[in-house]
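If you read the first sequence in our numbering, its first letter stands for residue 212, the second for the next number, and so on. Yeah, the Cβ is synthetic: ideal placement off N, Cα and C, and Gly gets one too.
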Amino acid sequence: MPELPEVEVLVQHLCPLLRGKIIRSVQIRRERVIRPTSAATLKRVLVGAKFTELTRRGKFLLFQLRHPQRKTSFTLVGHLGMTGRMFVLRSGEPLPKHAAVVLELGRRRFVYEDQRYFRRLNLDESSVARMGPEPLSKDFTPAKFAQALAGSSRAIKVKLLDQDLVAGVGNIYASEALFRARIAPQLPAGKLNAEQVRALWKAIREVLTQAIRFGSTIPLHHGPDAASRDGLFYYGRAAGAPDYYEERLRVYDRAGQPCSRCKTKIQRIVQAARSTYFCPKCQRKISAR
DNA sequence: CACCATGTTCCTTG
DNA sequence: CCAAGGAACATGGT
Numbered sequence: 212m213p214e215l216p217e218v219e220v221l222v223q224h225l226c227p228l229l230r231g232k233i234i235r236s237v238q239i240r241r242e243r244v245i246r247p248t249s250a251a252t253l254k255r256v257l258v259g260a261k262f263t264e265l266t267r268r269g270k271f272l273l274f275q276l277r278h279p280q281r282k283t284s285f286t287l288v289g290h291l292g293m294t295g296r297m298f299v300l301r302s303g304e305p306l307p308k309h310a311a312v313v314l315e316l317g318r319r320r321f322v323y324e325d326q327r328y329f330r331r332l333n334l335d336e337s338s339v340a341r342m343g344p345e346p347l348s349k350d351f352t353p354a355k356f357a358q359a360l361a362g363s364s365r366a367i368k369v370k371l372l373d374q375d376l377v378a379g380v381g382n383i384y385a386s387e388a389l390f391r392a393r394i395a396p397q398l399p400a401g402k403l404n405a406e407q408v409r410a411l412w413k414a415i416r417e418v419l420t421q422a423i424r425f426g427s428t429i430p431l432h433h434g435p436d437a438a439s440r441d442g443l444f445y446y447g448r449a450a451g452a453p454d455y456y457e458e459r460l461r462v463y464d465r466a467g468q469p470c471s472r473c474k475t476k477i478q479r480i481v482q483a484a485r486s487t488y489f490c491p492k493c494q495r496k497i498s499a500r
C-alpha cells in the first residue's frame with residue numbers, strides 16, 4: 212500500500228514503537244526479500260543493534276540502527292512494493308501468512324510481510340542514492356522541476372513515475388496531480404509551458420500533503436488478521452470505513468464515472484503498461500506557446 | 001479461465 | 001547514449 216503519503220504515515224506510526232528497541236533475534240522466512248544481502252550478513256549486522264531513527268525517502272523506509280558495543284551505525288532499507296506491510300505485534304500473536312522477515316524485540320516483534328514478495332528489506336542503499344528531490348521539501352522548486360522536464364519526450368504521466376524526477380509519486384497520485392493541474396497525461400513532459408509546470412508542481416505538493424493529513428487522522432491498525440490490516444489507510448478508499456472516504460480520489464479507478472468538475476466520463480488509458488485515468492475535457496493537450 | 005492490481009528492475013528493440 | 005515497451009517478480013481479487 213505504498214506511495215509517498217502512505218509510507219510517510221507508516222513511518223510516523225512506527226517510529227515511536229521502534230525507537231530505542233534492541234533486536235534480539237531475526238527470523239528470515241523468505242530469503243528472496245533480503246536480496247542482495249545474504250541472510251547470514253543481515254542477521255550478523257542486525258542482532259544486538261538498537262533502532263535510533265526511522266525516516267522516509269520517496270517510498271523507501273530508512274531504519275537507522277546502532278550497535279552500542281561496536282559503536283557502529285548503519286541503515287536498514289525497506290520498501291513495501293505494491294502489497295507490503297510493516298507492523299509491530301506482541302510476541303505471542305500469530306504471524307500473518309506472508310510474513311517475510313520478523314525482528315524480535317523482546318515483548319514485541321516487528322513484522323515485514325508482503326503477499327507478493329516483490330520488495331525488499333535489506334542493507335542495499337543504491338536505489339535510494341540516485342533518487343530525485345523530495346516533493347515536500349525546499350529542494351523541490353518549480354525551476355528545478357521545469358529543468359528536469361525540459362527536453363523529455365516522454366508522456367508527462369510516465370515521467371512522473373520516474374523516481375529520479377521526483378521521489379515518491381506513484382500511479383495513483385500521478386493521475387490525481389495531473390487532473391488537479393488540468394494537464395493531459397499524454398502531453399510530452401518537455402512540452403509543458405511554464406504555467407503548466409508550476410500548476411503541476413503545486414498539484415503534486417497539494418495532493419500528497421492532503422493525503423498525509425488525511426491518513427494521519429485515521430487510526431492505524433496493524434493486527435495480523437486481514438480485516439484489521441485493511442484499516443491501514445489508503446487515501447480515498449478503504450473497506451468498512453465509509454465515513455472517512457469521501458470522494459478524495461477524483462479520477463483514479465473511476466473510468467466511466469462523471470468528472471467531478473464537468474461531468475464528462477473519466478477515461479482509462481494504458482501508458483507504459485500502467486493504467487492512467489483522466490478527464491478528456493478538463494485535461495487538455497495544450498502545448499507550449 | 002481471463003484480466004487486473006498502489007512498484008521496481010532488467011532486457012530488448014529502435 | 002536515450003526512450004519505449006514488455007516481461008519478470010508472486011499472489012490474490014473479481
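Residue of the options minimising C-alpha distance to residue i
i	options	result
residue 301	292, 293, 321	321
residue 155	273, 352, 295	Any property of residue 155 remains undetermined from this structure, which presents the chain solely from 212 to 500.
residue 278	263, 402, 303, 324	263
residue 282	261, 269, 267, 292	261
residue 289	317, 280, 253	253
residue 352	372, 371, 319, 409	409
residue 501	389, 222, 271, 487	Residue 501 cannot be examined here, being either before or after the span of the chain that is shown, 212 to 500.
residue 299	227, 344, 255	227
residue 269	372, 412, 491, 474	372
residue 309	478, 475, 490, 243	243
residue 412	397, 423, 387	387
residue 480	472, 473, 271, 490	490
residue 476	485, 486, 493, 374	493
residue 319	423, 474, 271, 230	230
residue 291	323, 407, 461	323
residue 216	485, 478, 415, 469	415
residue 374	397, 342, 349	342
residue 419	251, 459, 305, 250	459
As assigned by DSSP and simplified to three states, the class of residue i
i	result
residue 256	helix
residue 242	helix
residue 219	helix
residue 476	strand
residue 308	coil
residue 295	strand
residue 486	strand
residue 339	helix
residue 234	coil
residue 356	helix
residue 426	helix
residue 462	coil
residue 420	helix
residue 282	coil
residue 261	strand
residue 366	strand
residue 316	coil
residue 226	helix
Residue j beta carbon less than 8 Å from that of residue i
i	j	result
residue 483	residue 380	no
residue 245	residue 331	yes
residue 361	residue 303	no
residue 496	residue 395	yes
residue 346	residue 385	no
residue 357	residue 392	no
residue 339	residue 267	no
residue 293	residue 225	no
residue 222	residue 276	no
residue 241	residue 311	yes
residue 399	residue 364	yes
residue 233	residue 259	yes
residue 488	residue 472	no
Nearest-angstrom Cβ-Cβ length linking residue i and residue j, presumed shorter than 8 Å
i	j	result
residue 257	residue 314	7 Å
residue 467	residue 220	Going by Cβ atoms, the distance from residue 467 to residue 220 rounds to 30 Å, so no, they are not a contact pair.
residue 235	residue 316	7 Å
residue 248	residue 325	Incorrect: roughly 16 Å between the Cβ atoms, too far for contact.
residue 367	residue 214	About 17 Å; that fails the 8 Å criterion.
**Study point:** Ordered list of beta strand (DSSP E) runs contained in the region 370–410, each at least 3 residues
**Key:** none
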